């Protein structure tokens with residue numbers, strides 16, 4: 351087993367190699383506007399998972415996934431040429447869900463902000479039920 355630091359360094363290197371190979375070497379017309387966002391390697395350095403995002407609609411994302419699947423062998427050989435490991439890790443491509451999750455969180459924050467504004471507008475002219483100071487003070491006890 352390799353140490354996690356070595357796996358992290360190898361993952362960073364694989365991310366750069368795959369991104370450069372997609373830019374320069376792979377000429378598949380199905381390949382859309384793709385960004386390699388992250389790569390992770392198992393501690394035994396046998397398997398690498400490459401995360402990517404595609405700018406476009408669902409059809410372009412499917413076409414890009416198919417292009418990556420067909421170019422997997424070329425990309426793996428490119429990784430094997432450019433790393434100094436005994437074995438070349440297998441590559442798995444996974445669409446990154448971070449942009450989708452970020453959009454969902456932004457939508458929730460927007461809805462919460464609107465709801466807070468509604469509550470603030472409702473509470474603007476309201477009075478306290480027991481007056482401005484509902485708690486007994488020492489002055490009340492002395493009187």
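Residue numbers (our numbering): 351 to 493.
The beta carbon of each residue, even a glycine, is placed where N, CA and C say it ideally should be.
All figures in this text were calculated on a predicted structure; none of them were measured in a lab.
- For the 8 Å CB-CB criterion, residue 386 and residue 404 do not form a contact.
- An exposed status is given to residue 468, since fewer than 16 other beta-carbon atoms sit within 10 Å of its beta-carbon.
- The beta carbon of residue 361 is closer than 6 Å to those of 389, 390, 391 in its chain, skipping five residues each way along the sequence.
- Residue 470 and residue 484 have their C-alpha atoms roughly 21 Å apart.
- One thing to note: residue 445 has its Cβ no nearer than 8 Å to the Cβ of residue 417.
- Runs of the alpha helix (DSSP H) lying entirely within the region 397 to 483 and spanning at least 4 residues, in chain order: 408 to 420, 422 to 432, 448 to 473.
- For residue 389, the pairing in a beta bridge is given by DSSP as 400.
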